[in-house]
Amino acid sequence: HLFRMVVGKTNSASNKDATSVAIAVTLTSVICGVVATWVTLRISNKRHDEEMESESKEWERRRQEERKGRIRAEQKLRSLLNEKKHAPLGESNDVGNSNSADPYAMRLSTIGTIVSPYTKRMGTPRQGALVPNSRGFVQFNSSLSPEAVDGIAEYSHLWVIFQFHANTSLATSKKTKIRPPRGGGRKVGMLATRSPHRPNALGLSLVTIDRWEPSTRRLYIKALDLVHGTPVYDVKPYVHWDIPGNVYDTTLLKLPDWVENKEDVLPNVEFTDVAEASLLKFVEQNRLAPLYSSKDKTSLQAAKQTLLEILAQDPRTSHKGVSKNRRGSVSGSETYRILFCKVEIEFSVSEQGATVIAVHPYNADSPDNLDNAPKQS
37 HLFRMVVGKT
47 NSASNKDATS
57 VAIAVTLTSV
67 ICGVVATWVT
77 LRISNKRHDE
87 EMESESKEWE
97 RRRQEERKGR
107 IRAEQKLRSL
117 LNEKKHAPLG
127 ESNDVGNSNS
137 ADPYAMRLST
147 IGTIVSPYTK
157 RMGTPRQGAL
167 VPNSRGFVQF
177 NSSLSPEAVD
187 GIAEYSHLWV
197 IFQFHANTSL
207 ATSKKTKIRP
217 PRGGGRKVGM
227 LATRSPHRPN
237 ALGLSLVTID
247 RWEPSTRRLY
257 IKALDLVHGT
267 PVYDVKPYVH
277 WDIPGNVYDT
287 TLLKLPDWVE
297 NKEDVLPNVE
307 FTDVAEASLL
317 KFVEQNRLAP
327 LYSSKDKTSL
337 QAAKQTLLEI
347 LAQDPRTSHK
357 GVSKNRRGSV
367 SGSETYRILF
377 CKVEIEFSVS
387 EQGATVIAVH
397 PYNADSPDNL
407 DNAPKQS
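Each residue of the sequence shown is one higher than the one before, counting from 37 in the numbering used here.
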C-alpha cells in the first residue's frame with residue numbers, strides 16, 4: 037500500500053511536469069511562429085517598399101523622357117507621312133484619302149537652309165519686324181547656281197517661303213480651329229491665323245536683305261523670325277505692290293482687334309552689368325558667331341539690341357489656360373531662360389519690365405537644345 041502511494045505520487049508529479057513541458061513547448065512554438073511571421077512580413081513590406089520606390093523612380097524617369105520622346109516620335113512620323121504623301125502618282129500617296137490621289141499634289145525641294153540665332157521655338161520672335169536687329173542668312177544649296185540669285189541685292193526686302201520643320205503636332209491632325217496666343221481664349225479657324233500648325237506646314241516670312249555673297253551662296257538677312265535649320269523652298273523680292281494701296285492705310289488693311297493687342301509687351305528691358313560683361317566675353321569667344329562675330333565691331337551692340345527686342349515681346353507663353361509664368365505677368369523671384377546662338381539668356385520680369393541677370397554658355401550639340409535643327413558650326 038505504501039509502495040502504491042509512493043509510485044502514485046511519483047507518476048502524478050511526472051504527469052504534471054510533462055504537461056508543463058508540453059505547454060511550454062507549445063507556447064514556444066506559437067511565439068516562434070508569431071515572430072517568424074512578423075519577420076517575414078517585415079521583410080516582405082521592406083521589399084514591397086523598395087519595389088515601389090524603384091517603380092516610382094522608373095516612372096519618374098519615363099515621365100522626364102516622355103515629352104522628348106513624344107516630340108521626336110511625332111516628327112519622325114510626320115516625316116514618314118510626308119514621304120508617303122509625296123510619293124509618285126500611282127503609288128500609295130493618298131494620305132487621309134483612300135479614294136483618290138490629289139492630281140495637283142506637289143513635291144517640293146529645298147533651295148537652302150536658314151542659319152539663325154534661334155535654336156528653339158521659345159525665344160523665336162513671332163514676327164521678324166519686331167526684332168529688326170536680328171541677323172541670319174539663307175545658305176543656298178550647292179546645286180543652286182549663284183546666277184539664279186543675281187540682282188537680289190537691288191531689293192530691300194524679301195519673302196521667304198519655308199517649312200515649319202519644328203512642329204510637334206501630327207501631320208494627320210484634323211483640328212480646324214485654334215486659340216491664337218493673343219486671342220484672349222477665343223477660337224478661330226486655323227487659316228484665319230498665322231499659326232505654324234496648318235494643313236501644309238508652309239510659312240511665309242518677310243525679311244530685310246543685308247547683302248549677297250555669291251562665293252559662299254549666302255544671302256545675309258535681318259529682321260527674321262525663323263528657327264535655325266529651317267528648310268527654305270523659295271524666296272521672292274518684296275515690292276511696293278505687296279502693300280494694299282502701296283502705303284499702310286487702315287481703311288485698306290483691316291486687322292482683328294486681338295492682333296493689335298499690346299498688353300503683353302514689356303515696358304522696359306535692361307541688362308545687369310554682370311550680364312552685359314558675360315555677353316561681351318562670349319562675343320569675344322565667338323560663341324555667337326558667325327552671326328555676331330568677334331571680328332565685327334558692331335556685334336556686341338547688335339546682339340544686345342536683338343535680345344532687348346526679343347525680351348520686349350515677352351517670349352513666355354501667352355495661353356489663357358496658364359496661370360503661372362504667363363506672358364505679361366510678374367515673375368517674382370522666378371527666372372526664365374531662352375537660348376540664343378550658343379548662349380543661354382537668364383531673365384526675370386517685374387512690373388518695370390524684364391531684366392537680363394545672367395548669360396551662360398550651353399552645349400549647342402545637345403538634341404535637347406535644338407528644335408529638329410542641325411548642329412551649329
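Note that the Cβ used here is the ideal one computed from N, Cα and C, for glycine as well.
Keep in mind the model is a prediction, meaning the values are calculated, not measured.
Below 6 Å CB to CB, which residues in the same chain sit around residue i once its five sequence neighbours on both sides are set aside?
i, result
"residue 256", "173, 246, 247"
"residue 376", "153"
"residue 166", "349"
"residue 270", "197"
"residue 184", "none"
Which of the three DSSP states is assigned to residue i in this structure?
i, result
"residue 384", "strand"
"residue 182", "helix"
"residue 159", "coil"
"residue 126", "For residue 126, the predicted structure reports a pLDDT of 41, less than 50, and the residue's modelled location is therefore unreliable. The matter cannot be settled from this model."
"residue 144", "coil"
"residue 55", "helix"
"residue 170", "coil"
"residue 390", "strand"
"residue 134", "Because the pLDDT at residue 134 is just 41, under 50, the model does not fix this residue reliably, and the value given afterwards should be weighed accordingly. Here residue 134 sits in coil by DSSP."
"residue 204", "coil"
"residue 233", "coil"
"residue 378", "coil"
"residue 223", "coil"
Since residue i and residue j are thought to touch, with beta carbons under 8 Å apart, how far apart are those beta carbons, to the nearest angstrom?
i, j, result
"residue 318", "residue 347", "The Cβ separation is near 17 Å, so there is no contact."
"residue 170", "residue 259", "6 Å"
"residue 198", "residue 267", "6 Å"
"residue 293", "residue 162", "Contact flag wrong, Cβ pair sits at about 17 Å."
"residue 157", "residue 295", "The pair is not a contact, with the Cβ atoms about 20 Å apart (cut-off 8 Å)."
"residue 215", "residue 222", "7 Å"
For residue i, which residues from the same chain have a beta carbon less than 7 Å from its beta carbon, with the 5 sequence-adjacent residues on both sides left out?
i, result
"residue 415", "Any property of residue 415 remains undetermined from this structure, which presents the chain solely from 37 to 413."
"residue 240", "195, 197"
"residue 182", "250, 253"
When the distance is taken between beta carbons, is residue j closer than 9 Å to residue i?
i, j, result
"residue 335", "residue 324", "yes"
"residue 254", "residue 178", "no"
"residue 351", "residue 160", "yes"
"residue 304", "residue 389", "yes"
"residue 380", "residue 398", "yes"
"residue 300", "residue 373", "no"
"residue 225", "residue 212", "yes"
"residue 200", "residue 227", "no"
Within a Cβ cutoff of 8 Å, which residues of the same chain sit near residue i, ignoring the five residues on either side of it in sequence?
i, result
"residue 274", "191, 192, 193, 194, 195, 242"
"residue 340", "307, 312, 315"
"residue 127", "With a pLDDT of 44 at residue 127, under the threshold of 50, the modelled position of this residue cannot be trusted, and the question is left open."
"residue 321", "330"
"residue 125", "Confidence at residue 125 is low in this model, with a pLDDT of 41, below 50, so its placement is unreliable and no value can be given for it."
"residue 272", "194, 195, 197"
"residue 386", "366, 367"
Next item on the list: List in chain order: all unbroken beta strand (DSSP E) runs of 3+ residues lying wholly within the region 239-310.
Entry: The qualifying runs are 254-258, 267-273, 305-307.
Check: What are the complete alpha helix (DSSP H) segments, minimum 4 residues, inside the region 316-372?
Finding: Counting only unbroken stretches of 4 or more residues, the alpha helix (DSSP H) elements lying wholly within the region 316-372 are 335-348, in sequence order.
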